[in-house]
Structures are given as C-alpha cells and as structure tokens.
Amino acid sequence: MNKFILISFLIIFNCGFAVSHINNETVKTIFEIIAPYFRIDRLQVFKGPKCFSDLGCFENRQTFQHPIFRPISLSPEEPEKIETRFFLYSKPGQIVPQLINHNNITRSNFNPKLRTIFAVHGFYYANYLGQYQIESFRKLKKALFIKENINYIFVDWGKGASTWYVQATANTRVVGAQLAQLVEKIILNFGVSKNKIWLIGHSLGAHVVGYAGSIVKNIGRITGLDPAKPYFVGMPNEVRLDAGDALFVDVIHTNAPQISQPFGFGTRQILGHVDFYPNGGNNQPGCIKEEIAGFFESLQYGLQKTSICNHERSIQMLASAIDVSNCEMIAHKCDSFLDFKQGSCYLCGPDGQNCEIINNPRPGHQQNQRYFLLTNSEPPFCVHHYRISIHLGDLPASIKQMVIFHLNLTSSGAKAFGHSEKISLKSHASSAFLITGDRLIEDQNLMLELFIESEFHPGTINISHLEITPIQI
C-alpha cells in the first residue's frame, strides 16, 4: 500500500472522522496493514500493560483506548529508547547545562533556595517540523532568568518525540513518570516546597507535565502551552492535562482547529483553571505573512512555517508575558471570542475579578474559566484595548445594508486602530467593537479617523455620539 495513502488515512482517523461501529477487532485489522510501514511491533499494542521496574505499569487499553478519539492505542517505548535527559541551568547566561537525574541531583548545582521551573518540549523536537522549539525555548529560558534567579531544568525527550505521532503520545506517559520521579526526589532530598515548583509543557509536553502532576499531587503550578489535540481531545482527565494536576493550571491556546484552519495542532477544550485564548486561540497575527515569507526562502522552510507558526506562538507569548517591562497581557473573561471583539466583556469589575494577566495568576480560581485578548504580531505581544461604542441617530428608511466601521486614534505619537464586524444600519442602533494600540493613549487631544466600508454607498450616516473607553484593570 502506498505510504502516502496510509499517512493520509491516519490523519483523517486522528481528526475524529472514524465511525462509531469501529471496535478493537477493526483496529487490529487496520494495524496489521499499516504496521510494516512504521516498523511497529504488533504485540506492543495488544499485549496489555507494559511495566518498567522503577516507573510502574502502563495500560494501553481501558482508559487509554477509544474507538474514535484514540483508535490505535500503543504501549510506550522503553525508557532506554526514549532517552529522556534533564538539563539543569543554574545561572543566567549558562551555555553548557549540567546533565542531571534522580540519582545524581544531590551532587549537582541545584539550589533548593530558588524556585524550580521545568520546561518540556513537544512533538518532533529538533527534527524538521519541530526545530522552531529550540529557539522558542531559549527565549523562554532567557525571560525566566531575567525575572529572577531560578533552577531551570529543560526536559529533552527528543528521541521519544521524533517517532510517528501515535507512538509519541504513548511515550509521553513514560516521560511524565520520569519527570515525577525527579520532582519527588527533589522534594524528598532538599525539602523543597511543592509551591516552588512550576512545570511548563508545550504541545505533547503539556500532557507530559499533566501526567507528572497527577503522580506527584499538589504541585504549585502547571502551564500548558497549546496542548496537543489529536489523541487527547474527548478523552478522560487521566489521559490529558486537566485542572486537577496542580494547585493552579493555566493554559495558552494559539492553534486550535477551526473551519478556516482545520488542521490546527492545539485543542480548544478548556483544560485548566484559567484558559487564555489570544486572538480567539487560532489564527495569530503575522503568521500568514511569516508563512508566505518562508516559501520564498525554501519549500521546506515554508512548509515548516505553515505547520507551526500559530503553534509556536504560545511559547513566545509566555516569554513575552514574563517580561512585563513593556506592558501586561490583560485578558478578559467572556463566553466567546465574538462577544469579546464586539465589546461585550470590557469591564474588569471593582476588584478586577473579570480580568486576568497572563503569567500573573491570582489564587482561588474556579476551574474552566475562559479568557480572551488581542495581541500584536511580534514581541512584545501585549497591546492596550479600547472599546469603541457608536450610537446612530436618525437614518433614512432607504438605508438597509451592512457596513464595517474602521477607526484610527492618534495622540502624541501613540496610535490605536481596529474595525468592527459587519453591522446592520438601523436608526438609533448602537454597536461596539475593540481597537488596539501598543501604547496607552492618555492625552485628551485625540485625532480620530473613522472610515466606513460598504458594498454600496450608504448615503449620509448620522452618528449621534461615539464613546472611547480604555480597558484597564
């Protein structure tokens, strides 16, 4: 069978288009056809739990198998094959890290007085589509060290992540158990408080830190950066990152699938206590431009950018949010991104309870809180939001059409701009939308430009008044 056809079939299968009557026997038959092309041991799928002496057993049926969402449930590979490595950076600017593990951590440069932050990469790290992660995690490490002195431990499971995707999802469980083993050793040997431990994971790495948190219990904080969707969406909490994996779990979604972009790698599903959806959680500003520019450099680079620009933005946004010297990334609790863009969720409340700042979480959160924000196309990604409310006066009855309002604000060099959704023109109607600027406009001497986009000339439009409300906590 043609390998391209096999891979295409698997992509369709992973996206959830399998019919409900598929059962284990059907899966076995499919697996027997495709296994030779991926050099996979058939017994690895159907023999039951796979155990490793110091990490426990890993069941690949029951909870971890589903005829639609996880039709091929593999056992993880051996730790020796995954070859997880823990690299300790104990000071800013350190180029060569120290290789540590749960056996030699007491003889390392680990400083128990400092906060400990683990960072875990995702699928295909340092391999074709995953190469972007190297530079993005470097930026994250730099930002973390600028803020404070820390123990920064990078979790490299590149060999286990550079196989076919279904196998990599199974390998995440072993890596999570290995991470938990090291965390427990740090807590036991150094008396480190769990509140001083922060686990950060990108894509598949987000589920790795989820597994670690489910083992250790009550870790202070876990951050999921665009957690992977395929083989995790629709599955129970035990299979994926969820709010029960730490005392506080925050998630940044940047590549959730949508109609215009059906092959997003991230999930839209709410997973933590606070879930952030920058720009709606999918199409990030500037990515289309980067994708087109990538093809001018080379076909391979263009394909890479097309696949991962939105996905990698979650790492870059966290790095930018940590550096608050520019501005804070303020997000607003809202039911939907459309409601947010239409200015329905602009009040933070008297104590700011309806707003959150990325990387500045407040304690006492309930689970499943959804927050939206708009961002810039490049670092620093933070912007200032303004709510524009337009109130129409009397309009001729002959005007029955849809328009888009475009508005530019300028004051003392600061600028803000944006546009509304399509609005139906009606007498005495009101509509609101958001515009953004990279600096806060505080000067009262504003220059305002209002443009109206319409398929037909609307004639005279009577705007009775216009309100501009800066949105701040």
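Read in order, the letters of the sequence shown correspond to residues -18 to -1, 1 to 455 in mature numbering (1 follows the signal peptide of the UniProt record, and there is no 0). Cβ coordinates follow ideal geometry from the N, Cα and C atoms, glycine included. Given the structure is predicted, the values throughout are model-derived calculations rather than measurements.
Given residue i as reference, the closest of the options once Cα atoms are compared
i	options	result
S90	K167, L111 and S144	K167
A396	N427, A379, G142 and I99	N427
A303	V191, F415 and P361	P361
F363	A301, I370, E338 and Q383	A301
M299	H314, F319, C330 and F258	F258
N358	Q266, Q80 and G331	Q266
R250	V215, S393, G226 and A379	V215
Y213	Q76, T45, A379 and P260	T45
V233	E59, T205, P94 and A150	T205
N261	D425, H314 and F40	H314
A210	T154, L164 and L186	L186
P58	C39, K73 and F68	C39
K73	I135, I116, Q47 and D36	I135
T451	T154, Y328, L223 and A238	Y328
M429	E437, F438 and T392	T392
F34	Q383, N153 and G419	N153
residue 456	Q115, T88 and S144	As displayed, the chain neither begins before -18 nor continues past 455, which places residue 456 out of reach and without an answer.
V191	V174, L170 and V221	V221
D321	V231, V174, E403 and I169	E403
C316	V306, C309, C330 and D305	C330
Contact belief for residue i with residue j at Cβ below 8 Å, rounded distance in angstroms
i	j	result
H189	D208	Not really, about 12 Å apart at Cβ, beyond 8 Å.
G246	N292	7 Å
G202	N177	4 Å
H401	I386	6 Å
W180	I50	Going by Cβ atoms, the distance from W180 to I50 rounds to 34 Å, so no, they are not a contact pair.
C337	I455	5 Å
L374	K408	7 Å
M217	R52	6 Å
Y368	I453	7 Å
Under 8 Å between C-beta atoms of residue i and residue j
i	j	result
V137	T66	yes
H366	R295	no
G268	A228	no
I132	R97	yes
V256	Q160	no
I370	L448	yes
Q324	A398	no
L81	F69	yes
N237	L164	no
K123	Y71	yes
I128	A162	no
F172	P94	yes
Q383	F438	yes
V157	G142	yes
Residue(s) in a DSSP beta bridge with residue i
i	result
N133	T98
F46	DSSP lists no partner for F46.
N390	F399 and E431
V385	I405 and S436
residue 456	Since the first residue shown for the chain is -18 and the last is 455, residue 456 is missing from the structure and cannot be characterised.
A194	In DSSP, A194 forms no bridge with anything.
G204	Correcting the residue type first, residue 204 is Ile in the shown sequence and not Gly. According to DSSP, which records beta bridges pairwise, I204 is partnered with L181 and V231.
V256	D232 and Q351
Y107	G112
H447	H373
P452	Y368
D138	R67
Q80	L70
C33	C39
R52	H48
Any non-hydrogen atom of the ligand MN within 7 Å of residue i CB
i	result
L320	Absence of the ligand MN from the depicted structure is noted, as is the absence of any ligand whatsoever, leaving it without description.
CB contact check: residue i to chain C, cutoff 8 Å
i	result
E41	No chain C is part of this structure, which consists of one protein chain only.
Quick one: any contact between the segment 96 to 105 and the segment 53 to 67, if contact means 3 or more CB pairs under 8 Å?
-> no
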